[in-house]
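Visitor: Order-wise, the sequence lines are chains G and D.
Okay, so the first sequence: first residue is 170 according to the working numbering, each after it adds one.
Okay, so the second sequence: first residue is 30 according to the working numbering, each after it adds one.
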Amino acid sequence: DTEVTQTPKHLVMGMTNKKSLKCEQHMGHRAMYWYKQKAKKPPELMFVYSYEKLSINESVPSRFSPECPNSSLLNLHLHALQPEDSALYLCASSQDFDRGIYNEQFFGPGTRLTVL
Amino acid sequence: SQQGEEDPQALSIQEGENATMNCSYKTSINNLQWYRQNSGRGLVHLILIRSNEREKHSGRLRVTLDTSKKSSSLLITASRAADTASYFCATANQAGTALIFGKGTTLSVSS
Numbered sequence: 170d171t172e173v174t175q176t177p178k179h180l181v182m183g184m185t186n187k188k189s190l191k192c193e194q195h196m197g198h199r200a201m202y203w204y205k206q207k208a209k210k211p212p213e214l215m216f217v218y219s220y221e222k223l224s225i226n227e228s229v230p231s232r233f234s235p236e237c238p239n240s241s242l243l244n245l246h247l248h249a250l251q252p253e254d255s256a257l258y259l260c261a262s263s264q265d266f267d268r269g270i271y272n273e274q275f276f277g278p279g280t281r282l283t284v285l
Numbered sequence: 030s031q032q033g034e035e036d037p038q039a040l041s042i043q044e045g046e047n048a049t050m051n052c053s054y055k056t057s058i059n060n061l062q063w064y065r066q067n068s069g070r071g072l073v074h075l076i077l078i079r080s081n082e083r084e085k086h087s088g089r090l091r092v093t094l095d096t097s098k099k100s101s102s103l104l105i106t107a108s109r110a111a112d113t114a115s116y117f118c119a120t121a122n123q124a125g126t127a128l129i130f131g132k133g134t135t136l137s138v139s140s
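#1: Between the alpha carbons of S102/D and V217/G, how many angstroms are there, rounded?
#2: Between the alpha carbons of S30/D and E172/G, how many angstroms are there, rounded?
#3: Do G279/G and Q194/G count as a contact pair if the criterion is CB distance below 8 Å?
#4: Which residues, in order along the segment 106–138 of chain D, keep a beta-carbon less than 7 Å from a beta-carbon of chain G?
#5: Would K187/G be called buried (16 or more neighbouring beta carbons within 10 Å of its own) or exposed?
#6: Assuming T113/D contacts V92/D under a Cβ cut-off of 8 Å, what Cβ separation, rounded to an integer in Å, is found between them?
#7: Quick one: what's got a C-beta closer than 7 Å to R268/G's C-beta in the same chain, skipping five residues either side?
#8: Taking the C-alpha atoms as reference points, what is the distance between F275/G and A261/G?
#9: Whose C-beta lies closer than 8 Å to the C-beta of A110/D among residues of the same chain, with five residues either side of it excluded?
#10: Taking any Cβ of chain B, which residues in the segment 65–82 of chain D have a Cβ under 8 Å from it, in chain order?
#11: Could you name the residues of chain D that F216/G contacts, counting a contact when the two beta carbons are closer than 9 Å?
#12: Ignoring anything shorter than 3 residues, give me the beta strand (DSSP E) runs that lie fully in the segment 186–217 of chain G, in order along the chain.
#13: Within its chain, find whatever has a CB closer than 6 Å to the CB of S219/G; leave out the 5 residues flanking it on each side and keep chain order.
#14: Using the beta-carbon count (16 or more within 10 Å), is N290/G buried or exposed?
#15: Would a C-beta distance cut-off of 8 Å place C192/G and L243/G closer than the cut-off?
#16: Please report the residue range of the beta strand (DSSP E) in which N60/D lies.
#17: State the CB to CB distance for the pair S108/D and E46/D, rounded to an integer number of angstroms; the pair is presumed to be in contact (CB under 8 Å).
#18: Please list, in chain order, the residues of the segment 39–59 of chain D that have any C-beta partner in chain G closer than 7 Å.
Set out below in structure tokens:
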């Protein structure tokens, strides 16, 4: 199984809502990532988990809260988001994570988030 | 700041033609990767070229790397309509903390 799955595919939420994005992989990868992608822009890294521990937080606002319950699952908890947070949120995984030596990443299809 | 910059931003060709995209980056690298993204979907890894490699092939793809010029090129030969997508190069940032994607080249292949 070389697939990264993400749910939901689409999410519309108000600024006072709390929601969660879910990502799953069964490739035995030890590193998982959250990216944010605005329209017509490249993906931007948000978080890196390595061996279920948060390794990198790219100065992401606290209204985004990642969680890695186990080696196959990655969640992104959303609370009090702003309309400018509307974007495609992509999850990815890789065999492992070494600072400065990024290897092949496998991406999920993304969750299209709209904040009203 | 972005590490990679693709050129051109957009490219339109006919099926059967070759497509060449270029990427320039700013700092020293361990490797450089190319990804494809179909509209509004996840990215697909195409090829990884290490800093000590000069050329790499994968099917209809050919990637070159010139570390002295800090540049890479992706050549897609005999293009097909299904190659229509955005193509991004990606390298690690200077601190080694993030994979930074370039702005991308949008390729349109018409039949």
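All C-beta atoms, glycine included, are put in the ideal place defined by N, C-alpha and C.
Guide: Taking the structure as given:
#1: 28 Å
#2: Model confidence at S30/D stands at a pLDDT of 46, short of 50, so the residue's coordinates are unreliable; what they give is reported in the following sentence. When rounded, the distance between both Cα atoms is 30 Å.
#3: no
#4: Listed in sequence order: F117, A121, G125, T126, A127, L128, F130, G131, K132, G133.
#5: exposed
#6: Contact doesn't hold; Cβ gap of about 19 Å is too wide.
#7: none
#8: Rounded to the nearest angstrom, the two C-alpha atoms are 5 Å apart.
#9: The residues E44, V138, S139, S140, in chain order, have a CB closer than 8 Å to that of A110/D in the same chain once the five nearest residues on each side in sequence are set aside.
#10: As a matter of chain content, chain B is missing from the structure shown, whose protein chains are G and D.
#11: Result: empty, since nearest Cβ-Cβ is about 10 Å, beyond 9 Å.
#12: 187–194, 200–206
#13: A200, F266
#14: Any property of residue 290/G remains undetermined from this structure, which presents chain G solely from 170 to 285.
#15: yes
#16: 60–66
#17: In this structure S108/D touches E46/D by the C-beta definition: roughly 6 Å separates them, less than 8 Å.
#18: N59
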